[in-house]
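Be aware that the sequence shown starts at 5, since it is given in the working numbering, and climbs by one per residue. Beta carbons: idealized from backbone N, C-alpha and C, even for Gly. Computed from a prediction, not measured in an experiment: that's the story for all the values here. Read the structure below first, then the notes.
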Amino acid sequence: MLLTRTLEKGDTPLSRNKAVSEELCKKKGSVPFLVAFCTIVVTSALAIVPAHAATKKPTSSDKAPGPLYGFGIGAILPEGSFADFNDPSYLIQSRSLYVEKVFGGRAAAYYGDTAGADGADGGRVYGFDFDVLAKFGSSRTFGYVYAGAGYGTLTYTAAGPTPGSAVRQGGHDWCWTGGIGLSFKHKHGFYIEASYVSFQTNPEATEFIPVVIGVQF
5 MLLTRTLEKG DTPLSRNKAV SEELCKKKGS VPFLVAFCTI VVTSALAIVP AHAATKKPTS
65 SDKAPGPLYG FGIGAILPEG SFADFNDPSY LIQSRSLYVE KVFGGRAAAY YGDTAGADGA
125 DGGRVYGFDF DVLAKFGSSR TFGYVYAGAG YGTLTYTAAG PTPGSAVRQG GHDWCWTGGI
185 GLSFKHKHGF YIEASYVSFQ TNPEATEFIP VVIGVQF
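Next up, the structure:
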């Protein structure tokens, strides 16, 4: 049996209830859309930031100095028994570096001259050495320490077999080398080095300290 009821005062028509329900559904449906939109924006931002950081250009401190070539002049300072008949004089040097971020290599060739002491004739030395180095500092201005070995020729005055006598010595021999350096302004700059060289001559080692300042490119 179909039951019907007439509208009484205060009742809302069914058509109006339906319209209100549809409007509420539309409003509720906009919430998931807004959440999805915000999610897409945040996800895109998080993806762009790391990509931008990955493509950031390296600063000067991140770069390796690479190869450096230089020429310098300075002094040779005799040490030990080598200083008995040899006074300080000049030294010229050709020096090359290849430096990565921390480690690298060094090669140098040099000629040095000593002034004679106590009326003796002066001496001279020329040689080359190869070294490994460790760098600290930026790529443009940095310090480094190095150590290695080399080979060269020495001619100098040394103490003779009797007291007060002197003899002339010379020959080829190998040497140990170690030192420190400072490099300024990377290329088209200058450098400073101080090293200790010990030639393994007989009966005792011949040792001296070269101190050099030079230009590099």
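Residue(s) in a DSSP beta bridge with residue i
{"i": "Glu211", "result": "Glu83 and Ser202"}
{"i": "His176", "result": "Thr157"}
{"i": "Phe132", "result": "Ala113 and Tyr155"}
{"i": "Thr181", "result": "Gly152 and Val201"}
{"i": "Asp91", "result": "Ala119"}
Sub-9 Å separation of residue i and residue j beta-carbons
{"i": "Ile184", "j": "Ile77", "result": "no"}
{"i": "Val171", "j": "Ala162", "result": "yes"}
{"i": "Leu72", "j": "Tyr195", "result": "yes"}
{"i": "Phe107", "j": "Lys139", "result": "yes"}
{"i": "Tyr94", "j": "Asp117", "result": "yes"}
{"i": "Tyr160", "j": "Gly193", "result": "no"}
{"i": "Asp177", "j": "Gly156", "result": "yes"}
Pairwise C-alpha distance: residue j and residue i
{"i": "Glu104", "j": "Thr145", "result": "14 Å"}
{"i": "Leu158", "j": "Gly174", "result": "5 Å"}
{"i": "Gly147", "j": "Asp125", "result": "37 Å"}
{"i": "Phe1", "j": "Ala68", "result": "The shown model of the chain, from 5 to 221, leaves out residue 1, and the question about it has no answer."}
{"i": "Ser85", "j": "Gln97", "result": "24 Å"}
{"i": "Tyr115", "j": "Pro92", "result": "13 Å"}
Residue environment, residue i, which counts as buried when at least 16 other CB atoms sit within 10 Å
{"i": "Gly131", "result": "buried"}
{"i": "Asn90", "result": "buried"}
{"i": "Phe37", "result": "In this prediction, Phe37 has a pLDDT of 45, which is less than 50 and means its spatial position is unreliable; what the coordinates show is noted afterwards. Its Cβ having fewer than 16 others within 10 Å, Phe37 is exposed."}
{"i": "Ile143", "result": "Reading off the sequence shown, one finds Ser at residue 143, where the question assumed Ile. Counting Cβ neighbours within 10 Å, Ser143 comes out buried, since at least 16 surround it."}
Own chain residues within Cβ distance below 6 Å of residue i, not counting five before or after
{"i": "Asp241", "result": "Residue 241 lies beyond the stretch modelled for the chain, which goes from 5 to 221, so this question has no answer here."}
{"i": "Gly141", "result": "Gly147"}
8 Å CB neighbourhood of residue i in its chain, flanking five on each side removed
{"i": "Ser100", "result": "Pro71, Leu72, Tyr73, Gly74, Arg110, Ala111 and Ala112"}
{"i": "Phe221", "result": "Leu72, Tyr73, Gly74, Lys191 and His192"}
{"i": "Cys179", "result": "Gly131, Asp133, Ala153, Gly154, Tyr155, Gly156, Val201, Ser202, Phe203 and Gln204"}
Own chain, CB closer than 7 Å to residue i, minus 5 neighbours either side, in chain order
{"i": "Ala209", "result": "Ser202 and Phe203"}
{"i": "Glu83", "result": "Glu211, Phe212 and Ile213"}
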